[in-house]
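First up is the structure itself, then whatever we jot down about it.
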Amino acid sequence: MTEAAIVLPVDEADAPPLKRRRARLSGVAWASIVWLVFVVLACAAGPALIGLNPDITDVAHAYAAPNAHHLLGTDNLGRDELTRLLAGGRISLSVGAIAALVAMLIGTVYGALAGYYGRWLDTLLMRVVDVFLAIPTLFLLLFLAAMFHGNLLTLMIVIGVTSWLGPARLVRGEVLTLKERLYVEAARSLGAGDRRIIFRHVVPNAVGTIITTTTFMIASAMLAETALSYLGIGVRAPMPSWGNLLTGAQSDIFAQAWWLILPPGLAILITVTALNFLGDWLREQGDYRT
Amino acid sequence: MTTFVIRRLLLAIPTLIGVTILTFCLIHLAPGGPQVALAGEKATPEQIARLTHQLGLDRPLYVQYADWVGALLHGDLGFSYLRQAPVVQLIGQRLPQTMLLMGCALLVSVVLAVPLGVYQAYRRNTAFDRTASVAVFVAWSMPTFWFGTILIAIFAVTLRWFPVGGLQTIDTTAFDWPSRFMHLVLPAATLAIVSMAGWSRYIRGSMVDQLREDYTRTAIAKGLHTRTVLFRHTLRNALIPFITLLGGTVPALFGGAVITEQIFAYPGMGQLFWQSAIDRDYSTLLGMTVLTAVMVILGNLLADVLYGVVDPRVRYD
Numbered sequence: 694m695t696e697a698a699i700v701l702p703v704d705e706a707d708a709p710p711l712k713r714r715r716a717r718l719s720g721v722a723w724a725s726i727v728w729l730v731f732v733v734l735a736c737a738a739g740p741a742l743i744g745l746n747p748d749i750t751d752v753a754h755a756y757a758a759p760n761a762h763h764l765l766g767t768d769n770l771g772r773d774e775l776t777r778l779l780a781g782g783r784i785s786l787s788v789g790a791i792a793a794l795v796a797m798l799i800g801t802v803y804g805a806l807a808g809y810y811g812r813w814l815d816t817l818l819m820r821v822v823d824v825f826l827a828i829p830t831l832f833l834l835l836f837l838a839a840m841f842h843g844n845l846l847t848l849m850i851v852i853g854v855t856s857w858l859g860p861a862r863l864v865r866g867e868v869l870t871l872k873e874r875l876y877v878e879a880a881r882s883l884g885a886g887d888r889r890i891i892f893r894h895v896v897p898n899a900v901g902t903i904i905t906t907t908t909f910m911i912a913s914a915m916l917a918e919t920a921l922s923y924l925g926i927g928v929r930a931p932m933p934s935w936g937n938l939l940t941g942a943q944s945d946i947f948a949q950a951w952w953l954i955l956p957p958g959l960a961i962l963i964t965v966t967a968l969n970f971l972g973d974w975l976r977e978q979g980d981y982r983t
Numbered sequence: 040m041t042t043f044v045i046r047r048l049l050l051a052i053p054t055l056i057g058v059t060i061l062t063f064c065l066i067h068l069a070p071g072g073p074q075v076a077l078a079g080e081k082a083t084p085e086q087i088a089r090l091t092h093q094l095g096l097d098r099p100l101y102v103q104y105a106d107w108v109g110a111l112l113h114g115d116l117g118f119s120y121l122r123q124a125p126v127v128q129l130i131g132q133r134l135p136q137t138m139l140l141m142g143c144a145l146l147v148s149v150v151l152a153v154p155l156g157v158y159q160a161y162r163r164n165t166a167f168d169r170t171a172s173v174a175v176f177v178a179w180s181m182p183t184f185w186f187g188t189i190l191i192a193i194f195a196v197t198l199r200w201f202p203v204g205g206l207q208t209i210d211t212t213a214f215d216w217p218s219r220f221m222h223l224v225l226p227a228a229t230l231a232i233v234s235m236a237g238w239s240r241y242i243r244g245s246m247v248d249q250l251r252e253d254y255t256r257t258a259i260a261k262g263l264h265t266r267t268v269l270f271r272h273t274l275r276n277a278l279i280p281f282i283t284l285l286g287g288t289v290p291a292l293f294g295g296a297v298i299t300e301q302i303f304a305y306p307g308m309g310q311l312f313w314q315s316a317i318d319r320d321y322s323t324l325l326g327m328t329v330l331t332a333v334m335v336i337l338g339n340l341l342a343d344v345l346y347g348v349v350d351p352r353v354r355y356d
């Protein structure tokens, strides 16, 4: 590439960049939304439509290749893989969504308090965040998941309480600027209390940041589920989840059962990628608004 | 500069105290404990109670904490009753392996991410850039263990290029470089993939910003070669904020090492942490967490200092 000229990005700097970037990304963003809606609907309605029980074993038909009766074949115990995939999707998506909700709830309240009150409270709360940041998140996650390995709800809470640091810092940053706005002063002069100002005026205006972060959080919570299930401290087998199906499929590599290895892997990969794309697109929208 | 470093080190003290309190409370509030694992499955409640007393685990929490921190200040990370060895020794055996793995992963991800990011910025908004962007997003969204499994299936089981796992071929007791290297390739690639994805995105964005700067335009106007402009002018400036990012990856690498070492049966810190969490080996868990926290804090400090060394505009005061 000796003489190839460098194309300067002046066009982007001078021309309104808004339309260009938005138009380029929206295609991917659209595809992501379509995929996510499809996955949620399929997982919600699928098992009922297929009419097979994901837990009923049929050892005589174990490792059956995909056929008319079992569209994605059967696993090592003869269970219908497609039904398990969809039923597992329910679990994985719920774990992702609820864990993200827990993280966002903690992070938003924490960040809003730190950012709004400032001074010593902010210093104190942020020092606590520093403490958590000094410990690898996965260490905490593994430890808590191993200690409280039980039902789905504890799994969701454990993933949630180990991922609130990012949201807390982002919301704090947002609140720091929002609290200086005129409408906050107006609300205060009308006699609104701190709690009302924070949760009625400041936090609702940070909703862009919150939604964007939630999208990323769902993605990372779903990945956390697969990691924990791989280590045997996530969703308890025989309950299906994408992490569990993926882990189970590891032993099927030698059985050459591609229908057990690829579908759960692709399901999680495409869903998480879609969430990340969507989050990235949302973030760019937010950047241009300010 | 010296004042800056000293102030940062002083600020690290409360953080470290916080880390010790947090981990100590978490670990001691959790159900079960080393006495249960140590006593075995057939132990009677009396035996467990005796063991609890012998290990001093029935004393008030603050007394145990004070004891532990006191020993810590003397450089004593504790003793693992379960493994019958000092924690320092346990960590000492494994830390070099993990550092080697992390170092290789860092190297691989930087070597891949920098050229990719630079070329994407240079050819931005072309088909190549868009394809690479999607690929990077997919890599970023990949479950680590799935990627590791695929690597094993392809390169270890089918092609037989690399071993499935372990540290080095078993019969060799001495340090065997070629064997060690072959055992490092797949785990390092697995650990590298996620950070590689994030960094190439970052470098692409940073490079696009720098290409917009006046000095780049000047360099091109002077008639310099594309390569000279990209790598001697633009990249140098694009890499400055990247240094801070590098310092911040220490915790992610330690975390990622847990999964990676598990997949490849690699005897490092991550595997030790995982086994200790399962066994509820308090002393090992505490020692490892504190040591990791120190490394994380030092990593961040080092990144901040380097930032100033590389960028003369930064002033510490």
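From first to last, the protein sequence lines stand for chains B and V. Residue numbers 694 to 983, in the numbering used here, belong to the letters of the first sequence in order. Residue numbers 40 to 356, in the numbering used here, belong to the letters of the second sequence in order. Glycine included, every Cβ here is placed at the ideal spot set by N, Cα and C.
Query raised in the report: Which residues of chain B have a Cβ atom closer than 8 Å to the Cβ of Met141(V), listed in chain order?
Result: Within the second sequence, numbered from 1, the residue matching residue 141(V) stands at position 102. By Cβ distance, chain B contributes nothing, its closest Cβ being about 12 Å from Met141(V), past 8 Å.
**Report entry** Neighbour flag for Arg820(B) against chain V, beta carbons, 8 Å
**Finding:** Position 127 of the first sequence holds residue 820(B). Cβ-Cβ to chain V under 8 Å: yes for Arg820(B).
Query raised in the report: Just checking, does the stretch 805-822 of chain B make contact with the stretch 912-921 of chain B on the three C-beta pairs under 8 Å criterion?
Result: no
Report task. Quick one: grab the DSSP three-state call for Pro70(V). Result -> The residue given as residue 70(V) occupies position 31 in the second sequence. Here Pro70(V) sits in coil by DSSP.
Query - Option nearest Thr62(V) by Cα separation, candidates Gly782(B), Val788(B) and Ala827(B) - result: In the second sequence, residue 62(V) corresponds to position 23, counting from 1. Taking only the C-alpha atoms, the option nearest Thr62(V) is Ala827(B).
Report task. Sort out for me which residues DSSP pairs Phe118(V) with in a bridge. Result -> To locate residue 118(V), count along the second sequence from 1; it is residue 79. DSSP, once it has assigned bridges, lists Pro125(V) as partnering Phe118(V).
Query raised in the report: Closer than 8 Å, CB to CB, is Phe892(B) near chain V or not?
Result: In the first sequence, counting from the first residue as 1, residue 892(B) sits at position 199. With 8 Å as the cut-off, Phe892(B) does not count as an interface residue toward chain V.
Query raised in the report: Could you check where the alpha helix (DSSP H) with Leu111(V) kicks off and where it finishes?
Result: On the second sequence, residue 111(V) is found 72 positions in, with the first residue counted as 1. Unbroken alpha helix (DSSP H) run through Leu111(V): Leu100 to Leu112.
Query raised in the report: Can you tell which of Ala342(V), Thr41(V) and Thr265(V) has the C-alpha that lies nearest to the C-alpha of Pro280(V)?
Result: Walking along the second sequence from the start, residue 280(V) turns up at place 241. The residue with the shortest Cα to Cα distance from Pro280(V) is Ala342(V).
**Report entry** Contact residues within the stretch 828-854 of chain B, judged by C-beta distance below 7 Å to chain V
**Finding:** Ile828, Pro829, Thr830, Leu831, Phe832, Leu835, Phe836, Ala839 and Met840
Query raised in the report: What does Leu962(B) reach in chain V if we use C-beta pairs closer than 7 Å?
Result: For the purposes of this step, residue 962(B) is taken as residue 269 along the first sequence, with counting starting at 1. Val177, Ser180 and Met181, listed in chain order.
Requested in this report: For the alpha helix (DSSP H) containing Arg881(B), list its first residue and its last residue.
Outcome: By one-based count along the first sequence, residue 881(B) stands at place 188. Note, Arg881(B): alpha helix (DSSP H), Leu875 to Ser882.
**Report entry** Ala908(B) versus Leu230(V) - alpha carbon distance
**Finding:** Residue mapping note: residue 908(B) aligns to position 215 of the first sequence, counting from 1. Residue mapping note: residue 230(V) aligns to position 191 of the second sequence, counting from 1. The identity of residue 908(B) in the sequence shown is Thr, whereas the question assumes Ala. Roughly 24 Å between the two C-alpha positions.
Requested in this report: Would you please verify whether the beta carbon of Gly766(B) is less than 8 Å from any beta carbon of chain V?
Outcome: By one-based count along the first sequence, residue 766(B) stands at place 73. No, no contact with chain V.
Report task. Would you verify that the beta carbon of Gly781(B) is, or is not, closer than 8 Å to some beta carbon of chain V? Result -> For the purposes of this step, residue 781(B) is taken as the residue at position 88 of the first sequence. No, because no Cβ of chain V sits closer than 8 Å to the Cβ of Gly781(B).
Query raised in the report: Terminal residues of the continuous alpha helix (DSSP H) containing Asp248(V)?
Result: Here residue 248(V) corresponds to residue number 209 of the second sequence, with the count starting at 1. Counting along the chain, the alpha helix (DSSP H) containing Asp248(V) begins and ends at Trp216 to Leu250.
**Report entry** Supposed contact pair Glu873(B) and Ala899(B) - C-beta distance, whole angstroms, cut 8 Å
**Finding:** Taking the first sequence and counting its residues from 1, the one referred to as residue 899(B) is at position 206. Taking the first sequence and counting its residues from 1, the one referred to as residue 873(B) is at position 180. 13 Å between Cβ atoms; not a contact.
Requested in this report: Indicate the three-state DSSP secondary structure (helix, strand or coil) for Thr54(V) in the structure shown.
Outcome: By 1-based counting over the second sequence, the position of residue 54(V) is 15. Here Thr54(V) sits in helix by DSSP.
Query - Under 7 Å from the C-beta of Gln943(B): neighbouring residues of chain V - result: On the first sequence, position 250 is the one that residue 943(B) refers to. Within 7 Å Cβ-Cβ: Thr188.
Query raised in the report: Is any beta-carbon of chain V found at less than 8 Å from that of Gly800(B)?
Result: Residue mapping note: residue 800(B) aligns to position 107 of the first sequence, counting from 1. Not an interface residue.
Query raised in the report: Does the distance from the CB of Pro671(B) to the CB of Pro933(B) come in under 8 Å?
Result: In the structure displayed, chain B extends from 694 to 983; residue 671(B) sits before or after that span and is not available.
Query raised in the report: What residues of chain B sit near Trp185(V), judged by a beta carbon separation below 7 Å?
Result: Along the second sequence, read from residue 1 onward, the residue named residue 185(V) stands at position 146. Near Trp185(V) (Cβ distances below 7 Å), the residues of chain B are Leu939 and Gly958.
**Report entry** Three-state class that DSSP yields for Asp350(V) in the structure shown
**Finding:** Translated into the one-based positions of the second sequence, residue 350(V) becomes position 311. Looking at Asp350(V) - three-state DSSP - the assignment turns out to be coil, as it is neither helix nor strand.
Query raised in the report: If you draw a straight line from the alpha carbon of Val965(B) to that of Thr188(V), how long is it in whole angstroms?
Result: The residue labelled residue 965(B) in the question sits at position 272 within the first sequence. The residue labelled residue 188(V) in the question sits at position 149 within the second sequence. Computed Cα separation, rounded: 18 Å.
Report task. Please report how far the alpha carbon of Met246(V) lies from the alpha carbon of Arg266(V), in whole angstroms. Result -> Locating residue 246(V) in the second sequence gives position 207, counting from the first residue. Locating residue 266(V) in the second sequence gives position 227, counting from the first residue. The straight-line gap from Cα to Cα measures roughly 14 Å.
**Report entry** Range of the contiguous alpha helix (DSSP H) that encloses Gly295(V)
**Finding:** Within the second sequence, numbered from 1, the residue matching residue 295(V) stands at position 256. It spans Val289 to Ile302 - the alpha helix (DSSP H) in which Gly295(V) sits, taken as one unbroken run.
Query - Contacting positions in the stretch 53-79 of chain V - beta carbon closer than 8 Å to chain B - result: Pro53, Thr54, Leu55, Gly57, Val58, Leu61, Thr62, Leu65, Ile66, Ala69, Pro70 and Gly71
Query raised in the report: Does the distance from the C-beta atom of Gln147(V) to that of Ala228(V) stay below 8 Å?
Result: By one-based count along the second sequence, residue 147(V) stands at place 108. By one-based count along the second sequence, residue 228(V) stands at place 189. Note that residue 147(V) is Val in the sequence shown here, rather than Gln. Result yes, Cβ atoms of Val147(V) and Ala228(V) sit closer than 8 Å.
Report task. Tell me whether the beta-carbon of Ala141(V) lies closer than 8 Å to the beta-carbon of Ala296(V). Result -> On the second sequence, residue 141(V) is found 102 positions in, with the first residue counted as 1. On the second sequence, residue 296(V) is found 257 positions in, with the first residue counted as 1. The displayed chain sequence assigns Met, not Ala, to residue 141(V). Cβ atoms of Met141(V) and Ala296(V): closer than 8 Å.
Report task. Would you verify that the beta carbon of Arg715(B) is, or is not, closer than 8 Å to some beta carbon of chain V? Result -> Here residue 715(B) corresponds to residue number 22 of the first sequence, with the count starting at 1. With a pLDDT of 47 at Arg715(B), under the threshold of 50, the modelled position of this residue cannot be trusted; read the value that follows with caution. Arg715(B) does not count as touching chain V.
Query raised in the report: Taking the C-alpha atoms as reference points, what is the distance between Ala792(B) and Ala838(B)?
Result: Numbered from its first residue, the first sequence carries residue 792(B) at position 99. Numbered from its first residue, the first sequence carries residue 838(B) at position 145. Between Ala792(B) and Ala838(B), the C-alpha separation is close to 13 Å.
Query raised in the report: Should Thr966(B) be flagged as near chain V, meaning a C-beta pair shorter than 8 Å?
Result: Within the first sequence, numbered from 1, the residue matching residue 966(B) stands at position 273. Answer yes: the Cβ-Cβ gap between Thr966(B) and chain V drops below 8 Å somewhere.
Query raised in the report: Of all Cβ atoms in chain B, is any one closer than 8 Å to the Cβ of Pro280(V)?
Result: If you number the second sequence from 1, residue 280(V) lands on position 241. Not an interface residue.
Query raised in the report: Between Leu68(V) and Ala160(V), is the Cβ-Cβ spacing less than 8 Å?
Result: Working through the second sequence from its first residue, we reach residue 68(V) at position 29. Working through the second sequence from its first residue, we reach residue 160(V) at position 121. Contact: no.
Query raised in the report: Between the beta-carbon of Ile852(B) and the beta-carbon of Val928(B), is there less than 8 Å?
Result: On the first sequence, position 159 is the one that residue 852(B) refers to. On the first sequence, position 235 is the one that residue 928(B) refers to. No. Outside cutoff.
Query raised in the report: Roughly how many angstroms separate the alpha carbons of Leu775(B) and Leu955(B), rounded to a whole number?
Result: Translated into the one-based positions of the first sequence, residue 775(B) becomes position 82. Translated into the one-based positions of the first sequence, residue 955(B) becomes position 262. Going by the C-alpha atoms only, they are around 12 Å apart.
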